[in-house]
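Here the structure is laid out as structure tokens; the discussion comes afterwards.
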Amino acid sequence: MRTWTTATQPATVWPGRPVPLGATFDGRGTNFSVFSSVADAVALCLFDERGVETRVELRERTGDVWHGYLPHVGPGQRYGYRVGGEYAPDRGLRCNPAKLLLDPYARAVTGAVHWGPSVFAYRQGDPDGDLARSDEDSAGSVPRSVVVDPAFDWGDDRHPDTPLDETVVYELHVKGFTRQCAEVPEPLRGTYGGLGSGPVVRYLRQLGVTAVELLPVHQFVQDDRLQALGLRNYWGYNSIGFFAPHNEYSSAGDAGEQVREFKQMVRN
């Protein structure tokens, strides 16, 4: 569980733009954009290295998209959202500013879910079930989204354009496949870096493989039920971030480094 402190301080916020969704760094600052048709307030929550949280109200709204631009905010910035509005689960409304939310369009996620009462929207054990809103703050128990730099040197990399009748697809699991490859350096086993390493690339080419299909690599959650049994979510079919490569498969770090490592794997 994390510890964190909430800070109240003025922040320079420009109107920004509604598209693209997510956090977009342009070299000078970052545009934040998130969709909600039911919120009556959206706060962008920035976290520093010490865990101090600064909340910035997003006042600009275009249709159902809330947005704002923060100059001087860039790659590595950890963030999340808090959404104010009606809490009525029987009508599909679950706004609750006590719960820190991931950006559904985040390109990277740092940390993991630490299961406990604060993670849930409702008060566990209450006779009203999920209608009983929990006001316990979840920030200490949930992961953060991360601003990433989209720049990457792809060199002369290009689409292989392999004819369909010559295509050989190999489906594999990033962690499982590289764990079993003795020629992959130990620090890279179970990672994107391991899958993009020389021994793996040579092996696949020797087999005649022209394309690799990966089992889930989106950011996924370790299920509470499995952890209680001393198990892990190996397959990854419980995604919480469809635009973010799973951070546990990175050998370099989870503050955006996983994105660069994933791209390097693809390039290799």
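At position 204 of the sequence shown the residue is numbered 204 (this note's numbering), and the sequence of numbers has no breaks. Just so you know, even glycine gets a beta-carbon here, dropped at the ideal spot from N, CA and C. Computed from a predicted structure; not experimentally measured.
For residue j and residue i, believed in contact at Cβ under 8 Å, the rounded distance
| i | j | result |
| --- | --- | --- |
| Ala244 | Gln219 | 4 Å |
| Gly84 | Ala39 | 6 Å |
| Leu215 | Gly236 | 7 Å |
Backbone secondary structure at residue i - three-state DSSP
| i | result |
| --- | --- |
| Pro117 | helix |
| Asp130 | helix |
| Thr178 | helix |
| Leu269 | Residue 269 cannot be examined here, being either before or after the span of the chain that is shown, 1 to 268. |
| Tyr237 | coil |
| Glu248 | helix |
| Ala228 | helix |
| Thr3 | Its pLDDT being 44, under 50, Thr3 is placed unreliably by the model, and the measurement read from it follows with that caveat. Thr3: coil per DSSP, three-state reduction. |
| Leu93 | strand |
| Leu58 | coil |
| Tyr170 | strand |
| Glu53 | strand |
| Leu215 | coil |
| Asp40 | strand |
Sub-8 Å separation of residue i and residue j beta-carbons
| i | j | result |
| --- | --- | --- |
| Ala43 | Asp103 | no |
| Val196 | Tyr249 | The sequence given here places Gly at residue 196; Val does not occur at that position. Against a cut-off of 8 Å, the Cβ pair of Tyr249 and Gly196 comes out as no contact. |
| Arg107 | Tyr122 | no |
| Lys99 | Ser138 | yes |
| Thr62 | Pro18 | yes |
| Val266 | His246 | no |
| Val209 | Cys181 | no |
| Pro89 | Leu131 | yes |
| Pro143 | Val184 | no |
| Gly74 | Val146 | no |
| Asn31 | His67 | yes |
| Glu213 | Glu171 | yes |
Residue i - partner residues in DSSP beta bridges
| i | result |
| --- | --- |
| Glu136 | According to DSSP, Glu136 bridges with nothing at all. |
| Tyr122 | Arg133 |
| Asn31 | Thr24 and Tyr69 |
| Thr110 | Arg144 |
| Phe220 | Ser239 |
| Leu101 | Tyr81 |
Reference residue i, options the options, closest by Cα
| i | options | result |
| --- | --- | --- |
| Asp16 | Gly51, Arg28 and Glu60 | For clarity, residue 16 is Gly in the given sequence; the question names Asp instead. If we check each option's Cα against that of Gly16, Glu60 comes out closest. |
| Ala211 | Thr167, His114, Gln124 and Trp14 | Thr167 |
| Val169 | Ala182, Asp48, Ala39 and Leu207 | Leu207 |
| Glu57 | Ser141, Asp64 and Tyr81 | Tyr81 |
| Ser37 | Arg94, Gly129 and Ala151 | Arg94 |
| Gly193 | Leu204, Arg28, Glu257 and Phe242 | Glu257 |
| Ile240 | Gly111, Ala255 and Thr54 | Gly111 |
| Trp120 | Ala151, Arg179, Arg50 and Asp224 | It should be noted that the sequence gives Phe, not Trp, for residue 120. With distances taken between Cα atoms, Phe120 lies closest to Asp224. |
| Glu49 | Tyr79, Leu70, Phe25 and Asp26 | Tyr79 |
Interface flag, residue i vs chain B, CB-CB below 8 Å
| i | result |
| --- | --- |
| Arg82 | Here there is only one protein chain, and chain B is not present. |
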